[in-house]
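This report concerns only the one structure given below.
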Amino acid sequence: MTFLLAAVIVAITLGITFWASRRNTSASDFYVAGGRISAGQNGIAIAGDYMSAASFLGITGLIALNGYDGFMYSVGWFIAYLTVLFIVAEPLRNLGKYTLADMLVYRLKDQRVRTYAAISTIVVSAFYMIAQVVGAGSLISLLTGGALTPSLAIPLVGVLMIIYVVVGGMLATTWVQIIKAVLLMFATIVMTVLILSRFGWSFSNLLGQVEARNGAEFLGAGVRYKNPIDLISLSLALVLGTAGLPHILVRFYTVPTAQDARKSVVWAMVLIGAFYVMTAFMGNAANVLVGREAIARENAAGNMAAPLLAQALFGGAGTVGGEFGLAFVTAVAFATILAVVAGLTIAASTSFTHDIYKGVIRGGQATEQEEFRVARLATVGVGVVAILLGLAAQTQNVAFLVALAFAIAASSNLPVILFTLFWRKFNATGAIWGIVGGILTCLALIAVSPNIMGIDPPERTTGRKPIQAAPLFPLENPGIVSIPAGFAFAALGTLIGARRREGDDQTFDEMQFRAYTGAGVEGTVAAHD
Amino acid sequence: MTVSRLQSGSPPVRNAAYARLVAERNRFTVIMTITFLVLYFLLPILAGYNKPLMATKVFGNVTFGYVFAFAEFAMGWIMAAIYVVRARTFDRLALEAQR
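Residue numbers (my numbering), protein chains in the order written: chain V, 1 to 529; chain H, 1001 to 1099.
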């Protein structure tokens, strides 16, 4: 039944992809759907991009296994949108066209910045993407009772997402995202209503049952995070990283105006907030109705909590209702992963084609047809790389890869975005130092952190730490060190590269005028095309 | 052209509306951002350093931690709503600034 439902969802989304392919005739259509998506549609699509498998499967599982600590992820992921709304959404839409690099180069007038911004986009997307692909592999493998191993499931997901993006471009990717967001919200609302009806419409009753089963500490903080600094570091990366995530940023270019960019974020906040509030019900109910042992038996990280909860809510294992619930929620999770991976793929391939191929290799001289062809080729390339990296990383913990993507985005992209918008003296050297310094600090700290280093007991054979030595850096997430480091590198580079050039002040004034008022956006876009 | 420029020879007009827009917008952004960051980081800080408070029951079995976390969601929606209302002023000033 799972296969049937998943096949129906895949068939519908493929249908949309082919419909979209007929309206997909230029590079602009491919990258940003020609900038014709409405604010409401885009808001749902942003929500879709964000409510990934890590949110739906991961958080439900974290709450089910660890109680309150899991719910803190939900709060951080939601509040992050305030950073996006207040600081980046409108200026980015006013200054950019397809990618983050467009906006930086508009201000800094230096093509080297384009290369580094593109590299940063590709690195962040890659970490995010590997996590999703690996998650998809283990999900499908679990559901088929191991008949489809992750080694087969990962390429399957990869090929489907290549088809969505290559054939349908941004328009299809957006619609796939919308369908998936609606399905996911529907599934979550139905489950929440069923949960509340089971517990006398009272969250207090639900928590009472959780306490009765697991003890009082499950209602408070600290089951999972013993070190407060680790928690604060993770919160920093979540709250500041979202504003630097390429697949979220690229969504601001699919709407016609900055006002629409702002409205999309507000729409997204309504949906994402409602969704994350419901994770508190789902996670706790999974703990009571399915039980920690049963959840951990299916998958030690808790990834199967939501599907197992659906099975229990619709009548339990072995009943028709229960099997339908399990199949439906699993099919939705599968659609979720496909859609998020498609969104990431388009962000990475747009950045490669537009910034590196057209902007740097061809000096901005590529024809429309050539660019469009390269964009499709780049998508296939990005997809193949994602499949290969996913296969290589299939035994790694996926939550750590996602949190790492956030930390890199917060340490490299955010300082550069903020300084570009608000610091008059900021220059190209500062941007390059900020991007490179932020990424390298982050990667170096991760390499010596407990994620990679640690001494495993000899009897443990799978999932051993790659370096068997005591970690040199104590935190799982490097945000608390790497984010200030990213800002410091950007500032230092600016001072080192400071050569007062004629017209710098005027450039900044022009940029600010446009960032604040949106003046000349249509005209410049027309000149671009 | 990959680098877009405003037409040279027509520097952006600086008028009172633009000055007001920049001042009001910056003030708004700074105040709102600091407010939400402080309120948000109270959550992980309390969760890390004051576990008994977080585990205190407020209504029935609902702990302070859950009440605080739900309040963060309310804060997010309220701040977004405030922004939407304020943005009408910003949009009007932006139009005036371009005259």
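Glycine included, each C-beta is placed from N, C-alpha and C at the ideal position. Quick caveat: nothing in here was measured; it's all calculated off a predicted structure.
- Message: For V/F324 and V/A89, which I take to be in contact (beta-carbon distance under 8 angstroms), what is that distance rounded to the nearest angstrom?
- Response: By one-based count along the first sequence, residue 324 of chain V stands at place 324. By one-based count along the first sequence, residue 89 of chain V stands at place 89. Going by Cβ atoms, the distance from V/F324 to V/A89 rounds to 40 angstroms, so no, they are not a contact pair.
- Task: For H/I1045, go through chain V and note every residue whose CB falls closer than 8 angstroms to its CB, in chain order.
- Result: Here residue 1045 of chain H refers to the residue found at position 45 of the second sequence. Residues of chain V passing the Cβ test: P228 and I232.
- Message: When you compare the CB of H/A1023 with every CB in chain V, is at least one pair closer than 8 angstroms?
- Response: Start at 1 with the first residue of the second sequence, and residue 1023 of chain H comes out as number 23. Look at H/A1023: its C-beta is not under 8 angstroms from any C-beta on chain V.
- CB-CB length for V/F71 against V/T279, believed under 8 angstroms: Looking up residue 71 of chain V in the first sequence gives position 71. Looking up residue 279 of chain V in the first sequence gives position 279. Yes, V/F71 and V/T279 are in contact; Cβ-Cβ is about 7 angstroms, under 8 angstroms.
- Query: Any idea what DSSP makes of H/T1063, helix, strand or coil?
  - Reply: In the second sequence, residue 1063 of chain H corresponds to position 63, counting from 1. Assignment of H/T1063 by DSSP, reduced to helix, strand and coil, places it in the strand class.
- Message: Please classify V/D533 as buried or exposed, where buried requires at least 16 neighbouring CB atoms within 10 angstroms.
- Response: Since the first residue shown for chain V is 1 and the last is 529, residue 533 of chain V is missing from the structure and cannot be characterised.
- In chain order, what residues of the same chain have a beta carbon less than 7 angstroms from the beta carbon of V/T316, not counting five sequence neighbours either side? Counting from one through the first sequence, the residue named residue 316 of chain V turns up at place 316. Note that residue 316 of chain V corresponds to Gly in the displayed sequence, not to Thr. Same-chain partners within the cutoff: G322.
- Query: Quick one, are the C-beta atoms of V/N413 and V/S233 less than 8 angstroms apart?
  - Reply: Here residue 413 of chain V refers to the residue found at position 413 when the first sequence is read from its first residue. Here residue 233 of chain V refers to the residue found at position 233 when the first sequence is read from its first residue. It is not a contact, given that the beta carbons lie outside the stated cut-off.
- Task: Please determine, among V/M511, V/F372 and V/S151, the residue with the shortest C-alpha to C-alpha distance to V/L388.
- Result: To locate residue 388 of chain V, count along the first sequence from 1; it is residue 388. The candidate whose alpha carbon is nearest that of V/L388 is V/S151.
- Message: What does the alpha-carbon distance come out to for the pair V/R362 and V/L100?
- Response: Translated into positions along the first sequence, residue 362 of chain V becomes position 362. Translated into positions along the first sequence, residue 100 of chain V becomes position 100. Each residue's Cα considered, the two are about 19 angstroms apart.
- Message: I want to verify the contact list: residues of chain H whose CB lies under 8 angstroms from the CB of V/V277, in sequence order.
- Response: Reading the first sequence from its first residue, position 277 is the one you call residue 277 of chain V. Here the neighbours are F1070 and F1073.
- Item | Assumed close pair V/M269, V/Y81 - CB separation to whole angstroms, cut-off 8 angstroms | For the purposes of this step, residue 269 of chain V is taken as the residue at position 269 of the first sequence. For the purposes of this step, residue 81 of chain V is taken as the residue at position 81 of the first sequence. About 5 angstroms; that satisfies the 8 angstroms criterion.
- Query: What does V/I467 pair with, by DSSP beta-bridge criteria?
  - Reply: Looking up residue 467 of chain V in the first sequence gives position 467. Answer by DSSP bridge pairing, in chain order: V/M453.
- Item | At least 3 beta-carbon pairs within less than 8 angstroms: the region 477–490 of chain V vs the region 441–449 of chain V | Touching, yes.
- Going by C-alpha distance, which of V/V210, V/L85 and V/A6 is nearest V/K263? Within the first sequence, residue 263 of chain V is the residue found at index 263, counting from 1. Distances from the CA of V/K263 to each of V/V210, V/L85 and V/A6 were compared; the closest alpha carbon is that of V/L85.
- If we count the other Cβ atoms within 10 Å of its Cβ and call it buried at 16 or more, is H/R1088 buried or exposed? Working through the second sequence from its first residue, we reach residue 1088 of chain H at position 88. The residue in question, H/R1088, is exposed, as its Cβ has fewer than 16 Cβ neighbours within 10 Å.
- Three-state secondary structure assigned by DSSP to V/V384: Mapped onto the first sequence, residue 384 of chain V falls at position 384. Note: V/V384 maps to helix in three-state DSSP.
- Message: Tell me which residue opens and which closes the alpha helix (DSSP H) that V/Q311 is part of.
- Response: Position 311 of the first sequence holds residue 311 of chain V. Where V/Q311 is concerned, the enclosing alpha helix (DSSP H) stretches over A305 to L313.
- Task: Give the residues from the region 1045–1064 of chain H that approach chain V closer than 7 angstroms (Cβ to any Cβ), ordered along the chain.
- Result: I1045, A1047, G1048, Y1049, K1051, M1054, A1055, F1059, G1060, N1061, V1062 and T1063
- Express the C-alpha separation of V/L196 and V/G215 in angstroms, rounding to a whole number. In the first sequence, the residue the question calls residue 215 of chain V occupies position 215. In the first sequence, the residue the question calls residue 196 of chain V occupies position 196. Taking the straight line joining both Cα atoms gives about 21 angstroms.
- Own chain partners of V/E371 with C-beta closer than 8 angstroms, once the 5 adjacent residues on each side are dropped: Working through the first sequence from its first residue, we reach residue 371 of chain V at position 371. So the list reads A27, T353, H354, Y357 and K358, once near-sequence residues are dropped.
- Query: Of all the alpha helix (DSSP H) runs that stay within the bounds of the region 394–434 of chain V, which reach a length of 4 or more residues?
  - Reply: 398–408 and 414–422
- In whole angstroms, what is the alpha-carbon distance linking V/A526 and V/N427? Residue 526 of chain V sits at position 526 when you count from the first residue of the first sequence. Residue 427 of chain V sits at position 427 when you count from the first residue of the first sequence. Caution applies to V/A526, whose pLDDT of 36 falls short of 50 and renders its modelled position unreliable; the model cannot decide the point.
- Verify the CB distance criterion: does V/P72 have a CB-CB separation below 8 angstroms to chain H? Here residue 72 of chain V corresponds to residue number 72 of the first sequence, with the count starting at 1. Here residue 72 of chain V turns out to be Met, not Pro, going by the sequence shown. It does: the Cβ of V/M72 has a partner Cβ on chain H nearer than 8 angstroms.
- Item | For V/K263, three-class secondary structure by DSSP | Start at 1 with the first residue of the first sequence, and residue 263 of chain V comes out as number 263. Helix, per DSSP.
- Query: So which residues on chain V does H/R1084 lean against when the C-beta distance must stay under 7 angstroms?
  - Reply: Here residue 1084 of chain H refers to the residue found at position 84 when the second sequence is read from its first residue. Checking the sequence shown, residue 1084 of chain H turns out to be Val, not Arg. Correct list: V266.
- Query: Under 8 angstroms between C-beta atoms, does H/A1097 make it to chain V?
  - Reply: As a working note, residue 1097 of chain H is residue 97 in the second sequence. With 8 angstroms as the cut-off, H/A1097 counts as an interface residue toward chain V.
- Under 8 angstroms by Cβ, that's how I've got V/A136 and V/A403 pegged, so tell me the actual separation to the nearest angstrom. What you label residue 136 of chain V is simply residue 136 of the first sequence in a count that begins at 1. What you label residue 403 of chain V is simply residue 403 of the first sequence in a count that begins at 1. No, V/A136 and V/A403 are not in contact; Cβ-Cβ is about 18 angstroms, not under 8 angstroms.
- V/T188 beta carbon less than 8 angstroms from that of V/F275: Here residue 275 of chain V corresponds to residue number 275 of the first sequence, with the count starting at 1. Here residue 188 of chain V corresponds to residue number 188 of the first sequence, with the count starting at 1. It is a contact, given that the beta carbons lie within the stated cut-off.
- Query: Taking the runs of the alpha helix (DSSP H) that are 4 residues or longer, which of them lie wholly in the region 184–218 of chain V?
  - Reply: 203–214
- Run through DSSP, which three-state label would V/V223 get? Residue mapping note: residue 223 of chain V aligns to position 223 of the first sequence, counting from 1. Coil, per DSSP.
- May I ask which residues mark the beginning and end of the alpha helix (DSSP H) holding V/D29? Here residue 29 of chain V corresponds to residue number 29 of the first sequence, with the count starting at 1. From DSSP, the alpha helix (DSSP H) with V/D29 extends over A27 to V32.
- Message: Between which residues of its own chain and V/V123 is the CB-CB distance below 7 angstroms, once the five residues before and five after are set aside?
- Response: Residue mapping note: residue 123 of chain V aligns to position 123 of the first sequence, counting from 1. Excluding sequence positions up to five before and after V/V123, its CB lies within less than 7 angstroms of the CB of I408 and I439, all in the same chain and listed in chain order.
- In whole angstroms, what is the alpha-carbon distance linking H/F1036 and V/A261? Indexing the second sequence from 1 puts residue 1036 of chain H at position 36. Indexing the first sequence from 1 puts residue 261 of chain V at position 261. One C-alpha to the other measures close to 21 angstroms.
- Query: Is the Cβ-Cβ distance between V/A347 and V/S125 less than 8 angstroms?
  - Reply: Walking along the first sequence from the start, residue 347 of chain V turns up at place 347. Walking along the first sequence from the start, residue 125 of chain V turns up at place 125. Against a cut-off of 8 angstroms, the Cβ pair of V/S125 and V/A347 comes out as a contact.
- Query: Looking only at its own chain, which residues have a Cβ that is under 8 angstroms from the Cβ of V/G318, when we skip the five neighbours before and after it?
  - Reply: As a working mapping, residue 318 of chain V is identified with position 318 in the first sequence. For V/G318, where only same-chain residues beyond five positions count, there are no Cβ hits under 8 angstroms.
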